Amino acid sequence: MNGLQVRGLKKHFILGGGFLGGKTSRVRAVENMSFDVPEGASVGLVGESGCGKSTVSRAVLRLVEPDEGTVTFNGTDVRAASPAQMRKLRQKMQFIFQDPYSSLNTRRTIRQTLEEPLKVHRMGSPAERRERVEAILPEVGLPQEALDRYPHEFSGGQRQRIGIARALVLEPELVVADEPVSALDVSVQAQILRLLDDLRQRRTLSFLFVSHDLGVIRHFCDVTCVMYLGHLIEYGPTEEILDDPAHPYTMLLRESSPVPDPTSRIANAKMTGEIPSPANPPTGCPFHTRCPRATPECKEVMPKMKEIAPGRQVACHLY
Amino acid sequence: MTPVLDIKGLTTEFRVKNGWHAAVRGIDLSVNANETLAVVGESGSGKSVTALSTLRLLPQTGARISRGEVGFGGRDLTKLSEREMSRIRGNDIAMIFQEPMTSLNPTMTVGDQIAEGLLIHRGMSRTEAAKEARRLLDEVRVPDPARRVNDYPHQFSGGMRQRAMIAIALACRPKLLLADEPTTALDVTVQAQVLSLLDDLKRDRGMAIVFITHNLGVVAQIADRVAVMYAGEIVETATCDTLFADPVHPYTEALLKAMPRVDRKAESLEPIPGSVPSISARPAGCVYAPRCNYVQPSCAAHPSLVPVGGNHEARCPVRADKGEAA
Ligand SMILES: Nc1ncnc2c1ncn2[C@@H]1O[C@H](COP(=O)(O)OP(=O)(O)OP(=O)(O)O)[C@@H](O)[C@H]1O
Ligand SMILES: Nc1ncnc2c1ncn2[C@@H]1O[C@H](COP(=O)(O)OP(=O)(O)OP(=O)(O)O)[C@@H](O)[C@H]1O
Ligand SMILES: [Mg+2]
Ligand SMILES: [Mg+2]
Numbered sequence: 001m002n003g004l005q006v007r008g009l010k011k012h013f014i015l016g017g018g019f020l021g022g023k024t025s026r027v028r029a030v031e032n033m034s035f036d037v038p039e040g041a042s043v044g045l046v047g048e049s050g051c052g053k054s055t056v057s058r059a060v061l062r063l064v065e066p067d068e069g070t071v072t073f074n075g076t077d078v079r080a081a082s083p084a085q086m087r088k089l090r091q092k093m094q095f096i097f098q099d100p101y102s103s104l105n106t107r108r109t110i111r112q113t114l115e116e117p118l119k120v121h122r123m124g125s126p127a128e129r130r131e132r133v134e135a136i137l138p139e140v141g142l143p144q145e146a147l148d149r150y151p152h153e154f155s156g157g158q159r160q161r162i163g164i165a166r167a168l169v170l171e172p173e174l175v176v177a178d179e180p181v182s183a184l185d186v187s188v189q190a191q192i193l194r195l196l197d198d199l200r201q202r203r204t205l206s207f208l209f210v211s212h213d214l215g216v217i218r219h220f221c222d223v224t225c226v227m228y229l230g231h232l233i234e235y236g237p238t239e240e241i242l243d244d245p246a247h248p249y250t251m252l253l254r255e256s257s258p259v260p261d262p263t264s265r266i267a268n269a270k271m272t273g274e275i276p277s278p279a280n281p282p283t284g285c286p287f288h289t290r291c292p293r294a295t296p297e298c299k300e301v302m303p304k305m306k307e308i309a310p311g312r313q314v315a316c317h318l319y
Numbered sequence: 001m002t003p004v005l006d007i008k009g010l011t012t013e014f015r016v017k018n019g020w021h022a023a024v025r026g027i028d029l030s031v032n033a034n035e036t037l038a039v040v041g042e043s044g045s046g047k048s049v050t051a052l053s054t055l056r057l058l059p060q061t062g063a064r065i066s067r068g069e070v071g072f073g074g075r076d077l078t079k080l081s082e083r084e085m086s087r088i089r090g091n092d093i094a095m096i097f098q099e100p101m102t103s104l105n106p107t108m109t110v111g112d113q114i115a116e117g118l119l120i121h122r123g124m125s126r127t128e129a130a131k132e133a134r135r136l137l138d139e140v141r142v143p144d145p146a147r148r149v150n151d152y153p154h155q156f157s158g159g160m161r162q163r164a165m166i167a168i169a170l171a172c173r174p175k176l177l178l179a180d181e182p183t184t185a186l187d188v189t190v191q192a193q194v195l196s197l198l199d200d201l202k203r204d205r206g207m208a209i210v211f212i213t214h215n216l217g218v219v220a221q222i223a224d225r226v227a228v229m230y231a232g233e234i235v236e237t238a239t240c241d242t243l244f245a246d247p248v249h250p251y252t253e254a255l256l257k258a259m260p261r262v263d264r265k266a267e268s269l270e271p272i273p274g275s276v277p278s279i280s281a282r283p284a285g286c287v288y289a290p291r292c293n294y295v296q297p298s299c300a301a302h303p304s305l306v307p308v309g310g311n312h313e314a315r316c317p318v319r320a321d322k323g324e325a326a
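Protein sequences, first through last, are from chains S and Z. Counting with full-length UniProt numbering, you get residues 1 to 319 for the letters of the first sequence. Counting with full-length UniProt numbering, you get residues 1 to 326 for the letters of the second sequence.
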C-alpha cells in the first residue's frame with residue numbers, strides 16, 4: 001500500500017535525573033497517534049503549542065525515535081528499516097522546517113546547499129547534479145543568480161523557497177512540513193502557499209503539514225488531524241471539521257480563530273483555563289479540565305476514537 | 001472630544017550608511033479615550049517605529065524624529081526633556097510587547113514587578129503596592145492571584161506572562177496603552193482571551209489603545225478604527241466596519257485577499273508580489289505602485305491621503321477618483 005500509515009505512535013521524553021540527579025519527569029509528548037497520509041493527499045496536524053505536532057512530524061522521519069507504534073511508507077516499515085533502506089526512504093520523505101534561516105548552513109552557497117543531498121544520496125554525475133540543481137530554481141521561483149549567493153543575502157520568503165528547493169531536489173513523494181509559513185508575513189505566506197499548491201499539482205506529492213493556523217490548514221489540507229496534549233482527538237475532511245467541528249476542543253479552536261470580518265467577532269472568549277502540562281496530564285479525557293461539557297465519566301475514562309460519519313472520527317464521550 | 005494621542009506629521013529617520021532615511025514619513029494618527037486604534041501592515045512598514053517614536057524609545061544614535069509632533073495631554077512629547085519623558089513612560093503611557101519573556105525580569109517576582117511602577121510613580125507604600133499588585137493580577141484574570149504574585153515569570157505559562165505584562169502596564173492607570181503585537185506569540189485560544197481582556201479594560205477604564213498587528217483577523221476582533229501602514233506611510237484609515245466592508249486602497253484590498261480564511265473556502269490566495277522596500281530604497285511617487293495592480297501614470301506623483309467617505313481616507317488617486325468608496 002502506498003503512502004504513509006502511522007499506527008499507535010508514542011513518544012515520551014524523560015527530563016531531569018541522570019548525571020546531575022534530581023527528580024525525573026516524563027513528558028508525554030505523543031500518545032497513541034494513528035493516521036494515514038494517502039498518496040497525493042495533504043494532511044494537516046493542528047493544535048496548540050506543545051501538543052506534540054513537531055514530535056509527530058519528526059518521529060515519522062525518525063528524526064526522533066518513537067517509543068512505540070509503526071510507521072509504514074510505501075509498504076516499508078520505517079522503524080525496522082536497515083541503514084541502507086533508511087537512506088532510500090529518506091530520499092522519498094523530505095522535511096521542510098519552520099525557520100528557513102536556522103535550517104540553512106550560512107557558510108554554504110545555495111548551490112552547495114542544494115547539491116549536498118544529491119551527493120549524500122550518490123545521485124547522478126557532477127554534470128547531472130548541476131543540471132538538477134539549476135532546474136529546481138525556477139520551480140520555486142528563484143533566479144539562477146541565487147545559486148552562488150549565501151543565505152543571509154535573501155529575505156525570509158526567499159529562504160523558505162530555498163528550503164523547499166532543498167526538500168524537492170531529491171524528488172520526494174512525501175514532504176513533511178513543520179509550520180513552513182508561520183514565520184512569514186501574510187503576503188509572503190500567500191506566495192509560499194501558492195508555490196506549494198503549484199508543486200502539488202505539478203508533481204505527485206503528499207504532504208504532512210503542521211500548522212497552528214486553521215486558515216492555513218483550510219487552504220492547504222484535504223484532511224485534518226486535531227491534536228490535544230499528545231492525543232489525536234478529531235480526524236476528518238478539513239472543511240467538515242472546520243464548518244461543523246465535533247469535539248468541544250475543535251469547536252474552541254475554531255471559535256477562537258479570528259476572521260477578517262468585524263461582524264463576526266468572537267462573542268465572548270471563555271476563560272477555559274490553562275493548558276495542562278504534558279508532564280502531568282489529567283486523567284480520563286485530556287481536555288476535561290477545560291471542557292464546558294465535561295461529565296464525571298470524562299474525568300475517569302479516556303474516550304476512544306469513534307467514527308461519526310464516513311471518514312470522520314472523534315474521541316469524545318458525547319458521541 | 002480632544003484625542004488622548006494626537007500625532008501630526010511625524011517623520012522618524014535612521015542613519016543607514018551615510019544618509020538619513022525615513023522609516024516613518026509624515027504620519028498623522030489620533031486616538032480618543034475609550035477607543036482602540038489598530039495599526040496594521042506588513043513587516044517593515046513602520047508600525048513599531050511609530051510606537052517607539054511616541055515614547056521616545058528610539059536608539060540613542062543613528063535615529064531621529066526629524067519632523068512632526070506627538071501631542072499628549074496638551075504637550076508635544078518630542079519637545080520634552082528625557083527626565084520629563086521618563087515620568088510619562090510606564091505612568092501615563094504604557095507599552096506592551098510581543099515577547100513577554102524578554103520584557104519581564106526573570107529574577108524578580110511578578111508581584112514585585114507590578115508594584116515597582118506604583119512605588120516609583122504613585123508613591124505608594126510597600127503594603128499598598130503589594131495589595132494593588134494582587135488586585136491587578138485578579139483584574140487581568142490570573143487565577144489564584146494571592147499565591148501567584150509571589151511566582152517568578154518562568155513559573156507562568158505564556159498566556160499568563162502576557163497577562164502579567166498587561167497588569168504591569170496597567171498598574172499606574174495609563175491613559176494610553178501602546179500594544180505592539182501583544183498576542184502574536186500566543187495560541188489562538190489564549191489570544192482570544194487577551195483580546196477580550198484588553199477590550200474590557202478599555203471600556204472599564206476609558207483607556208485609549210494603539211494596537212499594532214500584522215493580522216487582519218485580529219484587527220477585525222479588536223479595533224474601533226484602523227490605520228493601514230505601508231512603507232512608512234498611512235495609506236488608508238477608516239472605522240473598522242468601513243475598512244472591511246469597503247476597502248479603498250489597493251494595498252488594503254491585497255492584504256485581505258492574501259489572508260487564508262478559516263471561515264470560508266478560498267480556492268486560491270492572491271499573494272502580493274514583491275516585498276516592502278527597505279527604508280533606503282523607497283520609490284518616489286506612490287510607494288505601493290511597484291506592487292500594485294492598478295498603476296496609472298498619475299501614480300508617479302506622490303499621492304496624499306484624501307477623504308473618500310465619512311471618516312474614511314485613502315492615499316490613492318486612482319481609487320479615490322473612481323469614487324470606489326461612494
Ligand atoms: N527533545 C525534547 N526533550 C524534551 N521534551 C521535548 C522535546 N521535544 C519536545 N518536547 C516536549 O514535548 C511536548 C510536545 O512538543 P512539540 O514540539 O512536539 O509540540 P508542538 O505541538 O510542535 O508545539 P509548537 O506549536 O510550540 O511548535 C512539549 O511539552 C515539549 O516541551
Ligand atoms: N534602528 C534601526 N536602524 C535602521 N533601520 C531601522 C531601525 N529600526 C527600524 N528600522 C527600519 O525601519 C523600518 C520600519 O521598521 P518597524 O520595526 O517599524 O517595522 P514594523 O512595521 O514594526 O515591522 P514588524 O511587523 O516586522 O515588526 C524597517 O525597514 C526597518 O528595517
Ligand atoms: Mg512545533
Ligand atoms: Mg514591529
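Heads up, the beta-carbon is just placed ideally off N, CA and C, and yes, glycines get one too. Quick caveat, the model's predicted, so the values are computed rather than measured.
Interface flag, residue i vs chain S, CB-CB below 7 Å
i: M108 of chain Z; result: no
i: T189 of chain Z; result: yes
i: L37 of chain Z; result: no
i: Q221 of chain Z; result: yes
i: D224 of chain Z; result: no
i: R161 of chain Z; result: no
i: A325 of chain Z; result: Residue placement at A325 of chain Z cannot be trusted, given a pLDDT of 43 that sits under 50; the coordinates are not used to answer.
i: K8 of chain Z; result: no
i: R261 of chain Z; result: yes
First and last residue of the uninterrupted beta strand (DSSP E) at residue i
i: I279 of chain Z; result: Looking at the DSSP string, I279 of chain Z is not in any beta strand (DSSP E), and its letter there is neither H nor E.
i: D36 of chain S; result: S25 to V37
i: G285 of chain Z; result: Neither: G285 of chain Z is in no beta strand (DSSP E) and is coded neither H nor E.
i: F211 of chain Z; result: A208 to T213
i: Y230 of chain Z; result: R225 to Y230
i: H12 of chain S; result: L4 to L15
Strand pairing of residue i, partner residues [DSSP]
i: S30 of chain Z; result: Z:D6
i: R67 of chain Z; result: Z:T11
i: G44 of chain S; result: S:F209 and S:T224
i: G309 of chain Z; result: Z:H312
i: E35 of chain Z; result: Z:A208
i: T237 of chain Z; result: Z:A227 and Z:E313
i: L176 of chain Z; result: Z:I93 and Z:A208
C-beta atoms of residue i and residue j nearer than 7 Å
i: E42 of chain Z; j: S187 of chain S; result: yes
i: L137 of chain Z; j: R148 of chain Z; result: yes
i: N32 of chain S; j: K10 of chain S; result: yes
i: R163 of chain Z; j: V188 of chain Z; result: no
i: L195 of chain Z; j: I212 of chain Z; result: no
i: I233 of chain S; j: H247 of chain S; result: yes
i: C240 of chain Z; j: V218 of chain Z; result: no
i: R26 of chain S; j: P281 of chain S; result: no
i: C158 of chain Z; j: V24 of chain Z; result: Residue identity differs from the one stated: residue 158 of chain Z is Gly in this sequence, not Cys. No, Cβ-Cβ distance for G158 of chain Z and V24 of chain Z is not below 7 Å.
i: L178 of chain Z; j: V228 of chain Z; result: no
i: Y294 of chain Z; j: Y251 of chain Z; result: no
i: I65 of chain Z; j: L29 of chain Z; result: no
i: A315 of chain S; j: M305 of chain S; result: yes
Any chain Z beta carbon closer than 7 Å to residue i
i: D261 of chain S; result: yes
i: S102 of chain S; result: no
i: Q158 of chain S; result: no
i: A165 of chain S; result: no
i: D185 of chain S; result: yes
i: A190 of chain S; result: yes
First through last residue of the alpha helix (DSSP H) which encompasses residue i
i: I272 of chain Z; result: No alpha helix (DSSP H) holds I272 of chain Z; DSSP gives it neither H nor E.
i: Q191 of chain S; result: V186 to R202
i: K47 of chain Z; result: K47 to T54
Residue i: CB within 6 Å of a non-hydrogen atom of ligand 6
i: V188 of chain S; result: Ligand 6 is absent from the structure shown, which contains only ligand 1, ligand 2, ligand 3 and ligand 4.
Are the stretch 279 to 295 of chain S and the stretch 163 to 181 of chain Z touching, with three or more C-beta to C-beta distances below 8 Å? no
Does the stretch 29 to 39 of chain Z come close enough to the stretch 263 to 270 of chain Z to have 3 or more Cβ pairs within less than 8 Å? No, the stretch 29 to 39 of chain Z does not touch the stretch 263 to 270 of chain Z.
Do the stretch 169 to 179 of chain S and the stretch 203 to 219 of chain S make contact, defined as three or more Cβ pairs closer than 8 Å? The way I'd put it, the stretch 169 to 179 of chain S does touch the stretch 203 to 219 of chain S; three or more beta-carbon pairs between them come closer than 8 Å.
So, do the stretch 51 to 62 of chain S and the stretch 128 to 139 of chain S have three or more beta carbon pairs nearer to each other than 8 Å? no
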